[in-house]
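Residue numbers (the working numbering): 92 to 570.
Structure, as structure tokens:
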Amino acid sequence: MIVRWIFFLLCVNTLYAQVKIFAPQSVVQDEAVVFELQASGEEITFPEISSIEGFPVQKAGTSNQITIVNGQKSKIVNKKFLFYPNRSVQIPSFEVIVDGKTYTTSVKEIELQKAQKTQNSQFDFKIVSDKTNVYLNEPIVVDYLFTYKKDDKIMELALGNMDFEHFWAKKIGDATTKEEGEHITQRLRYVLFAQQSGKLELKPARVIARLMDVGRSYSFFQRPSKQMSIYSNALQFEVEPLPKGVSIVGDFTIESNIDKAHIQASQAVTYTLHIKGEGNLEDLNDITLDIPNATVYSNDAKTTSSFENGKFLSTYTKNFSIVANESFTIPAVKIPYFLVNKKKVQYLTVQTYDITVDAPQGIQKTVTLEKKEKPVRELTKEISDYNGWVYFSFGVLSTVVVLFIGLFVRKKSNEKRVETPLIKSVKKAKSNSELIKILVPYVNKNTALDTLIFELEKNNNLDIKFKKKEIIKILKSDF
Numbered sequence: 092m093i094v095r096w097i098f099f100l101l102c103v104n105t106l107y108a109q110v111k112i113f114a115p116q117s118v119v120q121d122e123a124v125v126f127e128l129q130a131s132g133e134e135i136t137f138p139e140i141s142s143i144e145g146f147p148v149q150k151a152g153t154s155n156q157i158t159i160v161n162g163q164k165s166k167i168v169n170k171k172f173l174f175y176p177n178r179s180v181q182i183p184s185f186e187v188i189v190d191g192k193t194y195t196t197s198v199k200e201i202e203l204q205k206a207q208k209t210q211n212s213q214f215d216f217k218i219v220s221d222k223t224n225v226y227l228n229e230p231i232v233v234d235y236l237f238t239y240k241k242d243d244k245i246m247e248l249a250l251g252n253m254d255f256e257h258f259w260a261k262k263i264g265d266a267t268t269k270e271e272g273e274h275i276t277q278r279l280r281y282v283l284f285a286q287q288s289g290k291l292e293l294k295p296a297r298v299i300a301r302l303m304d305v306g307r308s309y310s311f312f313q314r315p316s317k318q319m320s321i322y323s324n325a326l327q328f329e330v331e332p333l334p335k336g337v338s339i340v341g342d343f344t345i346e347s348n349i350d351k352a353h354i355q356a357s358q359a360v361t362y363t364l365h366i367k368g369e370g371n372l373e374d375l376n377d378i379t380l381d382i383p384n385a386t387v388y389s390n391d392a393k394t395t396s397s398f399e400n401g402k403f404l405s406t407y408t409k410n411f412s413i414v415a416n417e418s419f420t421i422p423a424v425k426i427p428y429f430l431v432n433k434k435k436v437q438y439l440t441v442q443t444y445d446i447t448v449d450a451p452q453g454i455q456k457t458v459t460l461e462k463k464e465k466p467v468r469e470l471t472k473e474i475s476d477y478n479g480w481v482y483f484s485f486g487v488l489s490t491v492v493v494l495f496i497g498l499f500v501r502k503k504s505n506e507k508r509v510e511t512p513l514i515k516s517v518k519k520a521k522s523n524s525e526l527i528k529i530l531v532p533y534v535n536k537n538t539a540l541d542t543l544i545f546e547l548e549k550n551n552n553l554d555i556k557f558k559k560k561e562i563i564k565i566l567k568s569d570f
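Right under this line is the structure:
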């Protein structure tokens, strides 16, 4: 009995000796699990691996090594795979065919671990911030600091993917390097803005270092190296919500202006709002204008930002073009913002603007024509029965002829499209300004027509022939 067990174990060991699997016992969250299948022989067939427990598997390369010992040639093939699990997983056994025989790899358990700060005498990687108790959308200055010794055999440094979940982040400038004694510190700076209130965590970051492997012999073609992941600490923030109706935090000023206060009906008023100050204006709610009996056009707001003297500065500019047929008022604008140092809501306000619009010239008043009743003189006359029949027959015949002529004329009139005086005027217009004067009385009657009028007013270089075709198409369908 004992002999049989020994024989069985020897057979199993022999089977596993032909193929091997190399895999880590644990992996940090968001990192790849890299495992390797190794087989030795002449004819080797590896399995096709597409997924492990539902996680897609990628091929990571193949290497071959041929050795000749005492005239016997041996080939060793290593095949690498990788995948990204979000939980602990088990790598199953795989079948590898070597020289016609099937060999089975062992099962590997992989434990998923949460990233923690790396404790290493060679390196130090940490995240620091200027504050941890903040309001929603309040700027937070965060520095990523990586320190290492000058004599460390570092061949390459790379920063892993940054995880800014629940934060809006903006990189400030390029990385800087500072030498202090025997150490070098590289700094990368970001400005963060919390996007939700409550307790938030800025997750650890990762630096991937490629180090010279002094324990391995040098290759003729390349230096031996090894890769190492160094993790930073995490940061915790307590984020307070903003008062209702407030979306921006900081200290700002506002300016407004118009290009003219007195216009003709064929012109547009350009109204501009400009906000600047300390804070993030990307989160400002869109500003709109509601002006009765006027058409308001606006472009997308333009925002800029910069980081100067430890402060995050930004600007916001929005332009409006307003077209109307009668005088109107641009309403006052009132924008709330939260002033952190006083912990209260302040307001940005701008004045109203009264715009005088001269009525368009050349518009004819509607004239009502009265039809005068002509006196009807009744003639009484005796008609014989004979004449009555003659007149009756003639009347029937006349009615038939009139109906036929009427149907013919109606058919012809339907076949021929009648041009209205408005369309004829549009066709005769030879310039943008002339075309605008013709169309201004019809502002606010058709949205598509309003858009074309606005384009004509804003750009004198438009192809008037093409625009006239679009305008005539609208006039024929809606006017």
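By construction, the Cβ of each residue, glycine as well, lies at the ideal position given by its N, Cα and C atoms.
Around the beta carbon of arginine 178, a 10 Å sphere encloses fewer than 16 other beta carbons of the protein chains shown; the residue is thus reported as exposed. Per DSSP, glutamate 273 lies in no alpha helix (DSSP H) segment and is marked neither H nor E. A distance below 7 Å between beta-carbons, with the five flanking residues on each side excluded, links asparagine 537 to the following residues of its chain, in chain order: Ile565, Asp569.
The shortest CA-to-CA distance from serine 522 to any of Glu548, Val441, Ile201 is the one to Glu548. Short of 7 Å from the beta carbon of serine 288, and not among the five residues preceding or following it, lie these beta carbons of its own chain, in chain order: Leu227, Val330, Glu331, Pro332. Residue environment: serine 405 is assigned as buried (16 or more neighbouring CB atoms within 10 Å of its CB, all protein chains considered). If you ignore the 5 residues before and after phenylalanine 172, its C-beta comes within less than 8 Å of the C-beta of Val125, Phe126, Glu127, Leu128, Ile140, Val148, Gln149, Lys150, Ala151, all in its own chain and listed in chain order. Between the C-alpha atoms of glutamine 277 and lysine 269 there is a straight-line separation of about 6 Å. Residue state for proline 512 is assigned as helix, using DSSP reduced to three classes. The DSSP-derived three-state label of phenylalanine 237 is strand. Taking the Cα positions, isoleucine 529 is about 58 Å away from arginine 280. Between glutamine 286 and threonine 195, the alpha-carbon positions lie close to 51 Å from each other. Cβ atoms of valine 282 and isoleucine 339 stay farther apart than 8 Å, at about 15 Å. Between the C-alpha atoms of glutamine 163 and glutamate 134 there is a straight-line separation of about 15 Å.
Note on geometry: alpha-carbon atoms of asparagine 552 and isoleucine 562 lie some 17 Å from one another.
Boundaries for glutamine 213: no alpha helix (DSSP H) harbours it, and the DSSP string shows neither H nor E there.
By the criterion of at least three beta-carbon pairs nearer than 8 Å, the stretch 319-328 is in contact with the stretch 211-222.
In the DSSP secondary-structure assignment, alanine 300 is bridged to Leu248, Met319. Asn384 is the residue among Leu302, Asn384, Phe258, Asn550 whose C-alpha sits nearest the C-alpha of isoleucine 446. The residue from Ile321, Tyr407, Lys290 with its alpha-carbon nearest to that of threonine 209 is Ile321.
Between glutamine 204 and aspartate 243, the C-beta spacing is not below 8 Å. In this chain, the alpha helix (DSSP H) harbouring aspartate 541 covers 538-549.
With 16 or more other Cβ atoms from the protein chains shown falling within 10 Å of its own Cβ, valine 110 counts as buried. Only exposed fits tyrosine 438, as fewer than 16 other CB atoms lie within 10 angstroms of its CB.
Taking lysine 515 as the centre and dropping the five residues before and after it, the same chain places no C-beta closer than 6 Å to its C-beta.
In the assembly as shown, glycine 145 is an exposed residue. Its beta-carbon has fewer than 16 other beta-carbons within 10 Å. Under the DSSP assignment, glutamate 202 falls outside any alpha helix (DSSP H), being part of the beta strand (DSSP E) whose first and last residues are 199-204. In the structure shown, leucine 227 falls within a coil segment according to DSSP collapsed to helix, strand and coil. By the Cβ-count criterion, serine 397 is exposed, with fewer than 16 other Cβ atoms from all chains shown falling within 10 Å of its own Cβ. For lysine 528, the enclosing alpha helix (DSSP H) stretches over residues 523-530.
If you draw a straight line from the Cα of alanine 266 to the Cα of glutamate 292, it is about 23 Å long. Going by DSSP, lysine 564 is part of the alpha helix (DSSP H) stretching over 555-569.
The three-state secondary structure of aspartate 374, taken from DSSP, is helix. Per DSSP, the unbroken beta strand (DSSP E) holding glutamine 181 starts and ends at 180-182. Non-local beta-carbon contacts of lysine 351 in its own chain, meaning distances under 7 Å to residues more than five positions away in sequence, involve Val360 in chain order.
Here phenylalanine 185 is not bridged, per DSSP, to any residue.
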